[in-house]
Amino acid sequence: MRGVPHLNELNKKYRERGFEIVAVSSEAAGTIEDKMVKGASASFGVVKADIAALYQTNGIPHGWVLDAEGKCIWEGHPAQLNDAQIEEWIKDLAPGKITREVQKPLKASVEAYNKGQFGKAFEAVAEHLTSEDAKVKADAEYVNGVIEKRKAAGEAKAKKLRDAGDLVKLLPVLEEEAKGWEGSEYGKACGDEAKTVKASKEYKLCAKAADAWAKLEPKLNDLADDKAAKALEKFIKDFAGTPQAKLAEERLKDLK
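The sequence shown begins at 823 in the working numbering and counts up one residue at a time.
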């Protein structure tokens, strides 16, 4: 409990920039409330869950830092968290919500951003970037910076999936971006690409591969090595070039 003030401070400092602290415990809900909320005055979220079943735990308290895709990028004692680490993790991260108080002319843009209407937020902030009011201009630059980071994050996520050839995961990302950025050139480009991807033979093959792998993969451990190898070889041949075929190739290597 002695580390709670440190975590309260970090959460307050970095939450609006996309780094949010959540305490997790498998204890009874009443016990958690008494210890963390009432007793330790935690100002961050506290939930009941058994996270130790998902991530390695070495003693209590223990902390994990997860990236936007749920990958653990750091683990250790919460007291070891420091500003330098967090600054590095969030330097290119766009917050899910803008919680900072801004000048009245920027409130419409912030409201749109917080609703996931990024195209509308981008349009609303543009006219205030050259404001003669120094405070309005400063807030406009801040909000615009957050919006630009959100766009860059979406572009990076799509590029990663595009480069990996994972069209099944790419399609919903493009559709989500098109919806969020409706009314902008970027949103239109995402919508057009989504239509092209969905109509392509490559997407249809990837979709079939994903379904087939979901059925085959759980069965592999129950098969004799020779039969598992044959099943994997057939899968690789049938779905060559797909991300699932690459997974099958890795499993096949483990058998040899």
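C-beta atoms are modelled at their ideal positions from N, C-alpha and C, and glycine is treated no differently.
{"Asked": "Among all the DSSP beta bridges, which residues are the ones paired with Trp-1003?", "Found": "Paired residue(s): none; Trp-1003 is not in a bridge."}
{"Asked": "Can you grab the Cα-Cα spacing for the pair Asp-872 / Val-846, in whole Å?", "Found": "7 Å"}
{"Asked": "Kindly identify the DSSP beta-bridge partner or partners of Trp-886.", "Found": "Glu-897"}
{"Asked": "Quick test of the definition: if touching needs 3 or more C-beta pairs under 8 Å, does the stretch 1042-1060 touch the stretch 1007-1026?", "Found": "no"}
{"Asked": "May I ask which residues mark the beginning and end of the beta strand (DSSP E) holding Glu-916?", "Found": "For the record, residue 916 in the displayed sequence is Ala; it is not Glu. Per DSSP, Ala-916 belongs to no beta strand (DSSP E) and is neither H nor E."}
{"Asked": "For Gly-1079, which of Gly-892, Ala-906, Glu-963 and Gly-898 has the nearest alpha-carbon?", "Found": "Missing from the structure shown is residue 1079; the chain here goes from 823 to 1078 and no further."}
{"Asked": "Short check: CB of Val-1019 to CB of Leu-983, under 8 Å?", "Found": "no"}
{"Asked": "Since Ala-845 sits in a beta bridge, which residues does DSSP pair it with?", "Found": "Val-868"}
{"Asked": "Here's the rule I'm using: 16 or more other beta-carbon atoms within 10 Å means buried, otherwise exposed. How should Gln-878 be labelled?", "Found": "exposed"}
{"Asked": "From Lys-991 to Ala-946, what distance separates their C-alpha atoms?", "Found": "31 Å"}
{"Asked": "Can you tell me whether Asn-870 is buried or exposed? The criterion is at least 16 other CB atoms within 10 Å of its CB, across all chains shown.", "Found": "Before going further, note that residue 870 is Lys rather than Asn in the sequence given. Classification of Lys-870: exposed, given that the 10 Å Cβ count is below 16."}
{"Asked": "Pull up the distance between the alpha-carbon of Ala-1046 and that of Glu-1039, whole angstroms please.", "Found": "14 Å"}
{"Asked": "Would the beta-carbon of Ala-974 fall within 8 Å of that of Asp-914?", "Found": "yes"}
{"Asked": "Cα separation between Glu-909 and Lys-942?", "Found": "29 Å"}
{"Asked": "Look at the Cβ atom of Phe-1061, then the Cβ atom of Ala-1029, and state whether they are nearer than 8 Å.", "Found": "no"}
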